[in-house]
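Notes for the one structure printed next.
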Amino acid sequence: MIKWEIKKILKEKINLITLGLLLVLFLQMSFIKPMLETENEYYGRYYSNYNVHYKEIGVYSKVFSKLNFLSNKLNDNEIEREKIEKMREDWIANISRDIKTPISSIKGYAEILEYDCDFSKK
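The sequence shown lines up with residues 333 to 454 when you count with the working numbering.
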């Protein structure tokens, strides 16, 4: 009879432990899943994917709100950087052309002098 009671108590404890572990696992996933999704999308931003927006609901609504603000700011900065890069490329192209024109004239004159032509006879 004592063995029967010990088995019954052990069975109840094992059931409680199993139930507790399942409950902890469920709660852990419900709290950690949004964090993992946020982390994965954060790494997406690291690789210049700034168009990710979160729904601002739940426990993490303030965090999602700040991440959305950050995403918008980074996206604006990326657009501004692209404009500046385009202006820089245009400026370099213009400067290159402006420098190339006088250099070609100088080069042509240097080639004429190299052949040592005597223009005084003509």
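We treat Cβ as the ideally placed atom computed from N, Cα and C, and that holds for glycine. Remember, it's a predicted structure, so these values are computed and weren't measured experimentally.
Q.
Quick check on E414: does DSSP put it in helix, strand or coil?
A. Numbered from its first residue, the sequence shown carries residue 414 at position 82. DSSP places E414 in helix when its eight states are reduced to three.
**Q.** Beta carbon of E410 nearer than 8 angstroms to that of Y382
**A.** On the sequence shown, position 78 is the one that residue 410 refers to. On the sequence shown, position 50 is the one that residue 382 refers to. In this structure, Y382 lies closer than 8 angstroms to E410 by Cβ.
Q) Does the separation of the CB atoms of N400 and H385 fall below 8 angstroms? A) Start at 1 with the first residue of the sequence shown, and residue 400 comes out as number 68. Start at 1 with the first residue of the sequence shown, and residue 385 comes out as number 53. Yes, the Cβ-Cβ distance between N400 and H385 is below 8 angstroms.
Q | Minimum C-alpha distance to F396 - residue among I334, V356, M367, L445 | A | What you label residue 396 is simply residue 64 of the sequence shown in a count that begins at 1. Of the candidates I334, V356, M367, L445, the one whose C-alpha sits nearest the C-alpha of F396 is M367.
Q | I341 to T350 span [Cα, whole Å] | A | Here residue 341 refers to the residue found at position 9 of the sequence shown. Here residue 350 refers to the residue found at position 18 of the sequence shown. Their Cα atoms are separated by approximately 14 angstroms.
Q. In this structure, does DSSP put I389 in helix, strand or coil?
A. Indexing the sequence shown from 1 puts residue 389 at position 57. Reduced to three states, the DSSP call for I389 is coil.
Q.
So, with DSSP's three-state summary, where would you put Y382?
A. Position 50 of the sequence shown, counted from the start, is the residue given in the question as residue 382. If DSSP states are grouped into helix, strand and coil, Y382 belongs with coil.
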